[in-house]
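Taking it in order: structure first as structure tokens, then the write-up.
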Amino acid sequence: MIEKNVNTEVSGDIIVTHLIGQIKIEDVNDWFNGFEKVCQQFISAGREYKLLVDRKGYIPDHFSVQKEWKDKFFNNTILKHSKAIAFLLEEGEIMNHLKQSNTKESVEFFDNYGLAFKWLVEYSK
1 MIEKNVNTEV SGDIIVTHLI GQIKIEDVND WFNGFEKVCQ QFISAGREYK
51 LLVDRKGYIP DHFSVQKEWK DKFFNNTILK HSKAIAFLLE EGEIMNHLKQ
101 SNTKESVEFF DNYGLAFKWL VEYSK
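If you count the sequence shown from 1, position 17 lands on 17 in our numbering, and the numbers rise without skipping.
Spelled out as structure tokens, the structure:
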């Protein structure tokens, strides 16, 4: 079983946020509080950032957990200040569908942390 991790950390201009393990609504709220605080530090300093969203091993406790995450993550203020977003997901049908339907150059989907991080480091639009 994957250990729960709802932490957010910073590496240069990259914000790495984790939401993995068995996740409940309360975990999404805890995750978002830390994530938003880090993003706001960049925003208030007038800086843009790149996001690595680690959801590889994400197991929602209930379908409402996914809705809660989407409602919090897809926040105009947070997304407006991001230069690029790399999602780290389990390999499979969902990731394949997201890759095929993605139309944004600044968004990519990965199943390998190293490749996701490297793409963000090299992204320069």
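Note that CB positions come from ideal geometry on N, CA and C, so glycine has one too.
Computed from a predicted model, the values in this text were never measured in an experiment.
By the 16-neighbour rule on beta-carbons within 10 angstroms, Glu93 is exposed. Burial of His18 is indicated by the presence of at least 16 other C-beta atoms within 10 angstroms of its C-beta.
Taking 8 Å as the cut-off, the beta carbon of Ile15 is found closer than this to the beta carbon of Cys39.
The beta-bridge partner set that DSSP reports for Asp54 consists of His18 and Leu88. At a Cβ-Cβ threshold of 8 Å, Leu88 and Tyr113 count as neighbours.
Three or more Cβ pairs drawn from the segment 62–72 and the segment 26–41 lie within less than 8 Å of each other, which places the two stretches in contact. Around the beta carbon of Ile2, fewer than 16 other beta carbons lie within 10 angstroms, which makes this residue exposed. Beyond the five residues adjoining it in sequence on each side, Trp31 comes within less than 6 Å, by CB distance, of Val6 and Leu19 in the same chain, given in chain order. Glu108 has Ala86 as its beta-bridge partners, per DSSP. In the same chain as Asp61, and ignoring 5 residues on each side of it, the C-beta atoms closer than 7 Å to its own belong to Gln22, Ile23 and Lys24, in chain order. For Ile78, the three-state secondary structure derived from DSSP is helix.
Between Lys83 and Lys125 the beta-carbon gap is near 7 Å, inside 8 Å, which marks them as a contact.
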